Amino acid sequence: MPGSSYVGKAGHLAVMGELALRGYNVAMPEMDIGDDLFVVNDATGAMWRIQVKTSIARVGPHVLSGQFRIRQTAITTPLNPDLHFVFALRVALGWRYVVVSRQVLANYVQAHNMGTHAMVKGVAWRQLYISIRINTGAATCSGQVLTHLLENWGTWPLL
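Here this note's numbering is used: the sequence shown runs in plain steps of one and ends on residue 180.
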């Protein structure tokens with residue numbers, strides 16, 4: 022199994038490919054200080070910030086699952102334009118994506134305490150464990166249903 026930097030880069034490139042196929046201009050910033058991708062609609066000038074988190078799926082008898090770690094400040098700090106998260110889960114020979122805006126994720130964390138809080142070297146992190154049921158395709162995290170966020174590319178419709 023390749024190292025985590027290879028897995029992370031593969032997730033970034035997979036998300037870039039998905040957005041490019043939808044007709045968007047996608048770029049990786051030279052300096053990674055929280056924004057992994059910039060997405061632009063060239064026709065309108067609309068721009069989005071995306072943070073990609075990648076995990077290789079663990080396959081159980083009934084579920085696929087992955088763990089994702091995010092800085093707490095990335096969830097709680099509004100930006101302009103605001104951040105979106107794409108949780109890329111590598112499954113066999115393909116990908117599953119949970120796509121969520123920062124504000125919606127912040128609401129899940131605040132209202133339902135989604136994920137697990139951890140402090141590492143003075144930095145607050147949120148660990149999310151996302152699972153997808155194999156027989157139904159239902160996605161959950163900390164008991165919250167996220168199925169409506171699977172492949173939720175609605176912010177970036179086909180152009």
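For every residue, glycine included, the Cβ atom is placed at its ideal position computed from N, Cα and C. Being a predicted model, the structure only gives us computed values, none of them experimental.
Remark: C-beta atoms of R70 and P102 approach each other more closely than 8 Å.
In the three-state DSSP reduction, H138 falls in the strand class (E or B). Three or more Cβ pairs closer than 8 Å define a contact, and the stretch 135-148 falls short of that threshold against the stretch 101-121. Looking at the backbone, the Cα of V84 and that of R92 are separated by about 26 Å. Under the three-state reduction of DSSP output, T97 falls in the helix class. Counting the other Cβ atoms within 10 Å of the Cβ of H133 gives fewer than 16, which makes it exposed.
Between Q165 and Y118, the C-beta gap is not smaller than 8 Å, which leaves the two residues out of contact.
Linking V60 to E39 through their CA atoms gives a straight-line distance of about 11 Å. Scanning its chain for C-beta atoms nearer than 7 Å, with the 5 sequence neighbours on each side dropped, one finds around Q148 the residues Q88, R90, G136, T137, A139, in chain order. T75 is bridged by DSSP to A109.
A direct Cα-to-Cα measurement between L171 and M52 gives close to 29 Å. Counting along the chain, no beta strand (DSSP E) covers A31; the unbroken alpha helix (DSSP H) around it starts and ends at 25-42.
Here G175 is exposed. Its C-beta has fewer than 16 other C-beta atoms within 10 Å.
For the set A31, N62, I54, the Cα lying nearest the Cα of R43 is the one of N62. With distances taken between CA atoms, D57 lies nearest to K74 out of Y45, S122, K74, M68. Counted as a single uninterrupted DSSP element, the beta strand (DSSP E) harbouring A160 occupies residues 160-162.
In the structure shown, the three-state DSSP call for L171 is strand.
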